[in-house]
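Read through the structure below, which is laid out as structure tokens, and then see the notes.
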Ligand SMILES: Cc1cc2nc3c(=O)[nH]c(=O)nc-3n(C[C@H](O)[C@H](O)[C@H](O)COP(=O)(O)OP(=O)(O)OC[C@H]3O[C@@H](n4cnc5c(N)ncnc54)[C@H](O)[C@@H]3O)c2cc1C
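Numbering (the UniProt record's numbering), first residue to last: 1 to 389.
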């Protein structure tokens with residue numbers, strides 16, 4: 001068994017790290033300062049500028065197809081990149097990453113939605129969750145009815161990331177009530193100017209998702225994404241991706257935070273000695289390191305299984321469940337090691353403490369991951385230890 005990275009993986013990881021260190025992390029103090037002054041952390045134009053700088057470094061569309069100017073990197077390499085991104089709290093993403101579902105656009109749709117998204121000219125959001133259907137996504141009620149060559153969408157989506165900024169939404173709606181959402185849903189490309197409205201939702205994290213309201217929104221038939229009836233499968237494809245990108249980021253945030261804890265434990269003195277000489281502190285550091293390394297291996301294994309073109313569901317659920325919990329536990333311990341300073345807005349810890357909490361909820365909550373993992377075993381879809389064979 002060889003745990004070493006290839007030269008290419010190392011080069012991409014190191015270039016990403018260099019970019020984040022040189023261009024992104026230096027903005028952190030400025031953002032913390034602006035926020036203490038009740039100003040916006042970073043303007044969208046500043047984030048865009050960063051993306052264009054990254055483009056010059058050679059990073060654009062890490063998950064987008066090569067034929068459209070993207071890098072189409074393997075999942076393991078993407079995971080390494082997400083880990084580096086997770087080391088900063090600046091909401092930076094490499095540009096040119098069109099939503100993965102836009103790979104299903106036809107030639108005509110690609111010109112209108114995929115290419116401008118890769119160019120960073122259009123922003124999309126993906127909407128399946130509704131006030132009455134989150135974990136139970138097969139219970140969605142938003143409907144689309146065919147009227148001549150149009151579909152008319154009615155319903156409400158909620159907690160939609162980018163919902164307030166996006167100029168088009170990928171919306172999953174029920175098109176065949178009798179078949180139900182699982183087999184009777186369809187994905188639609190719906191421009192904001194077709195008539196949907198959004199409402200910002202304030203959360204404990206930075207920024208916020210939005211509710212989308214569809215009141216007789218007319219969408220031309222040519223805006224069906226994929227096939228009529230394929231919507232639920234596309235939604236599961238979308239949700240599946242987050243199951244390795246989220247824990248990859250979690251590994252990055254935990255790694256950076258743990259290094260802060262080590263540095264603080266080696267310098268802060270109480271009762272005439274460094275706090276790191278106390279077993280209570282040492283154990284928090286040791287427990288965090290064990291969990292961090294376990295999460296790192298789990299997420300890389302899940303990404304590797306994707307690259308092997310094997311079904312990653314079981315491994316990704318394990319990585320997502322463990323990685324999301326791990327980062328919450330590690331940040332909590334690191335904040336504790338920093339004492340009162342950890343609780344202030346001088347350091348990024350309280351912010352991470354708030355923002356990583358959502359990792360345990362979105363794209364399949366902890367409970368849903370446990371449901372998937374146990375069902376796979378109880379129904380014999382996978383056997384214990386099977387992933388290594
Ligand atoms: C910041 C943020 C961004 C998001 N972005 C998007 C987005 O871009 N697009 C989108 O479509 N959605 C998005 N979501 C929605 C997210 O996917 C849902 O919040 C999530 O699926 C949980 O659904 P829910 O909130 O309705 O909770 P519920 O489904 O009501 O669950 C409530 C609780 O019950 C538990 N539970 C539910 N069913 C079971 C069960 N069978 N067994 C045991 N426990 C169970 C859950 O784990 C949870 O703890 C986002 C959410 C947030 C908070």
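All C-beta atoms, glycine included, are put in the ideal place defined by N, C-alpha and C.
- One alpha carbon belongs to residue 101, the other to residue 315, and they sit about 22 Å apart.
- Spatial neighbours of residue 264 in its own chain (CB-CB distance under 7 Å, excluding positions within 5 residues in sequence) are listed in chain order as 337 and 338.
- Taking C-beta atoms as the reference points, residue 95 and residue 69 fail to come closer than 8 Å.
- Pairing residue 149 with residue 220 gives a Cβ-Cβ distance under 8 Å.
- Put simply, the region 21–36 does not touch the region 71–78. Fewer than three CB pairs are less than 8 Å apart.
- When the alpha-carbon of residue 199 is set against those of 180, 164, 242 and 222, the nearest one is in 164.
- Under DSSP, residue 273 takes part in a beta bridge, and its partners are 270.
- Within the DSSP bridge table, the entry for residue 156 names 213 as partners.
- Annotation: the continuous alpha helix (DSSP H) that includes residue 330 extends over 313–337.
- Placement of the Cβ of residue 128 at a distance of less than 7 Å from at least one heavy atom of ligand 1 is found.
- Exposed is the label assigned to residue 3, since fewer than 16 other Cβ atoms lie within 10 Å of its Cβ.
- Listed as beta-bridge partners of residue 151 by DSSP are 146 and 219.
- Residue environment: residue 36 is assigned as exposed (fewer than 16 neighbouring CB atoms within 10 Å of its CB, all protein chains considered).
- With a cutoff of 7 Å, residue 325 does not count as near ligand 1, since its C-beta is closer than that to no heavy atom of the ligand.
- Put simply, the region 358–366 does not touch the region 258–276. Fewer than three CB pairs are less than 8 Å apart.
- Counting only residues of its own chain and dropping the five nearest sequence neighbours on each side, residue 91 has no CB closer than 6 Å to any other CB.
- Under the three-state reduction of DSSP output, residue 224 falls in the strand class.
- One Cα belongs to residue 14, the other to residue 21, and the distance between them is close to 10 Å.
- Residue side-chain check: residue 209 places its Cβ nearer than 7 Å to a non-hydrogen atom of ligand 1.
- In the DSSP assignment, residue 186 is bridged to 173.
- Taking C-beta separations shorter than 7 Å and ignoring five residues to either side along the sequence, the partners of residue 382 in its chain run 314 and 376, following chain order.
- The DSSP assignment places no complete beta strand (DSSP E) segment of no fewer than 3 residues inside the region 14–51.
- When DSSP states are grouped into helix, strand and coil, residue 387 belongs to the helix group.
- Cβ atoms of residue 159 and residue 190 stay farther apart than 8 Å, at about 17 Å.
- Between residue 330 and residue 388, the C-beta spacing is not below 8 Å.
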